[in-house]
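Step one of this worksheet: look at the structure below.
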Amino acid sequence: MKPDRKPDVQKTKLLKKFPGKGGWTYLEITEIAPDTNAPFGWVYVSGSVDKIHLPVTRLQSMGNGVLFLSFNATLRKKLQKEAGDTVNLLLYKVSDTEASRSELIQCLKEAPDAYQKFLKLSPFTQNAYVHLVHGAGGLEEKSKKIVAIIKKLEK
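Quick note on numbering: the sequence shown equals residues 1010 to 1164 in this note's numbering.
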């Protein structure tokens, strides 16, 4: 988390649920605007919910100019909360580079050998890989770059 700066969201919020069978449980995030330069208006954040750490995750657009943070069953169980309950939310927007690092690490964890090699690289070399992913033009190009990094590390 980022205690050295003011949070972008620090508020008690009501958990809601999209209607219908299989509807997602979520929080509306009206304090942060969608990123018009990002796919689907995504905004990357980190922080905490009821003092439980949230790793870098993305806020998604509801399609009406409002973002939402989804709550999967694992998180709801950990919090012991469901739709209709309130939670204390603390969010910080993260830079695009931090988001790219998080995406790369998440993918590398799916390839344990590549992930272990990545961890042994110098910070300079790790950052070079992050910037390679960050510089991708879109989701498809970013995915291709991550796959190429994993293949190179698995050699």
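The beta-carbon is built from N, C-alpha and C at its ideal position, and this holds for glycine as well. Predicted model, so just to flag it, every value in this text is computed and none were measured.
Apply the 10 Å Cβ neighbour rule to residue i and answer buried if 16 or more other Cβ atoms are within range, or exposed otherwise.
i, result
"threonine 1034", "buried"
"glycine 1029", "exposed"
"lysine 1151", "buried"
"alanine 1042", "exposed"
"serine 1055", "buried"
"isoleucine 1061", "exposed"
"leucine 1100", "buried"
"glycine 1050", "buried"
Please classify residue i: does DSSP put it in a helix, a strand, or coil?
i, result
"leucine 1117", "helix"
"arginine 1067", "strand"
"leucine 1148", "helix"
"serine 1111", "helix"
"methionine 1010", "The predicted model places methionine 1010 with a pLDDT of 44, which falls under 50 and marks its position as unreliable; any figure quoted below should be read in that light. Note: methionine 1010 maps to coil in three-state DSSP."
"leucine 1024", "coil"
"valine 1156", "helix"
How far does the alpha helix (DSSP H) with residue i in it extend, from its first residue to its last?
i, result
"asparagine 1136", "1132–1143"
"leucine 1036", "Looking at the DSSP string, leucine 1036 is not in any alpha helix (DSSP H); the run it does join, the beta strand (DSSP E), is 1034–1038."
Just to confirm my understanding: we take residue i, look at its own chain, exclude 5 residues before and 5 after, and list those with CB closer than 6 Å. What are they?
i, result
"lysine 1027", "Note on residue identity: the sequence assigns phenylalanine, not lysine, to residue 1027. Contacts found: Trp1033."
What are the boundary residues of the beta strand (DSSP E) that includes residue i?
i, result
"threonine 1045", "That residue, threonine 1045, is in no beta strand (DSSP E); it is neither H nor E in DSSP."
"lysine 1090", "Unbroken run through lysine 1090: none, as it is neither H nor E."
"glycine 1056", "1052–1058"
My assumption, with CB atoms under 8 Å, is that residue i sits in contact with residue j. Please give the rounded CB distance.
i, j, result
"leucine 1024", "alanine 1092", "5 Å"
"leucine 1162", "alanine 1123", "4 Å"
"leucine 1098", "valine 1058", "6 Å"
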